[in-house]
Structure formats: structure tokens, C-alpha cells
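> The opening residue of the sequence shown carries number 22 in the numbering used here; numbering runs sequentially from there. Ideal Cβ positions, reconstructed from N, Cα and C, are used throughout, including at glycine. Just passing along the structure, written as C-alpha cells.
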Amino acid sequence: SCGGYWYPLWLEEHKEIRAARKNGEWNRVTIHAKNNVVKTWVNGVPAAHWKNDEYLKGFFALQIHSGKQGKVLFDNIRIKELK
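Listed below in C-alpha cells is the structure:
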């Protein structure tokens with residue numbers, strides 16, 4: 022859900038993000054994580070902007086929560102180190 026724990030897409034304020042998401046098609050999710058700020062975009066539409074001083078470094082993971090089918094496909098994952 023593109024930062025869904027803190028930015029659940031079902032909230033009314035995220036209707037623009039829901040509209041940008043293409044069900045049944047590939048979607049582009051961009052994640053920018055640097056220092057204590059994580060930002061996400063769905064098909065170019067800003068989704069999450071999360072700031073937390075507790076987690077300044079560590080690892081990241083791609084995750085899906087159960088839902089109707091509990092299925093997700095990933096393609097063309099690219100990772101670039103920010104300096």
C-alpha cells in the first residue's frame with residue numbers, strides 16, 4: 022500500500038493515490054529513503070512522506086499483507102545508493 026502502515030490507501034485523503042493505481046496492471050512505485058525520511062510515489066503521485074528519528078539506518082523489504090488474494094508480483098526492481 023505504498024507506506025500503508027502509516028499511510029493506508031483507504032483513507033479519504035489518499036483518494037488521488039487510489040486513482041493513480043492501476044488495478045490488474047503494472048504500477049510504478051518509487052521509494053526514496055535517506056537518513057530519517059522515507060517518501061513514496063505511485064505512478065508519479067506522492068503517496069507517503071514519513072519522518073522518524075528512531076530508524077536512521079538499516080535495511081528495507083518489500084511486503085504484502087493478506088488481502089483478498091494475498092498475491093503480488095514484482096518486476097524490474099532497481100536499487101540505487103544515495104550519497
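Determine the direct distance from the alpha carbon of Thr-61 to that of Cys-23, and round the result to whole angstroms.
Your numbering for residue 23 matches position 2 in the sequence shown. Your numbering for residue 61 matches position 40 in the sequence shown. Note that Cys-23 has pLDDT 48, beneath the 50 cutoff, so the model's placement of it is unreliable and the number below is only indicative. Looking at the two C-alpha atoms, the distance is approximately 6 Å.
> With a threshold of 16 other CB atoms inside 10 Å of the CB of His-70, please say whether the residue is buried or exposed.
Here residue 70 refers to the residue found at position 49 when the sequence shown is read from its first residue. His-70 comes out exposed.
> Applying the 10 Å Cβ sphere with the 16-neighbour rule, what's the burial state of Ile-38?
Your numbering for residue 38 matches position 17 in the sequence shown. Buried, because 16 or more other Cβ atoms sit within 10 Å of the Cβ of Ile-38.
> My understanding is that Val-66 touches Ala-41, with C-beta atoms under 8 Å, so please give their C-beta distance in whole angstroms.
Walking along the sequence shown from the start, residue 66 turns up at place 45. Walking along the sequence shown from the start, residue 41 turns up at place 20. Sure, about 4 Å apart at Cβ, within 8 Å.
> Note down, in chain order, each residue of its chain lying with its Cβ closer than 6 Å to the Cβ of Lys-43, except the 5 sequence neighbours on either side.
What you label residue 43 is simply residue 22 of the sequence shown in a count that begins at 1. Cβ neighbours of Lys-43 beyond the five flanking positions: none.
> Quick test of your reading: Val-58 and Lys-72, contact by CB under 8 Å. State the CB separation rounded to the nearest angstrom.
For the purposes of this step, residue 58 is identified with residue 37 of the sequence shown, where counting begins at 1. For the purposes of this step, residue 72 is identified with residue 51 of the sequence shown, where counting begins at 1. Right, their Cβ atoms sit about 5 Å apart.
> Exposed or buried, what is His-53 when buried is set at 16 or more other beta-carbons lying within 10 Å of its beta-carbon?
For the purposes of this step, residue 53 is taken as the residue at position 32 of the sequence shown. It counts as exposed.
> Please report how far the alpha carbon of Gln-84 lies from the alpha carbon of Val-93, in whole angstroms.
The residue given as residue 84 occupies position 63 in the sequence shown. The residue given as residue 93 occupies position 72 in the sequence shown. Taking the straight line from one Cα to the other gives about 9 Å.
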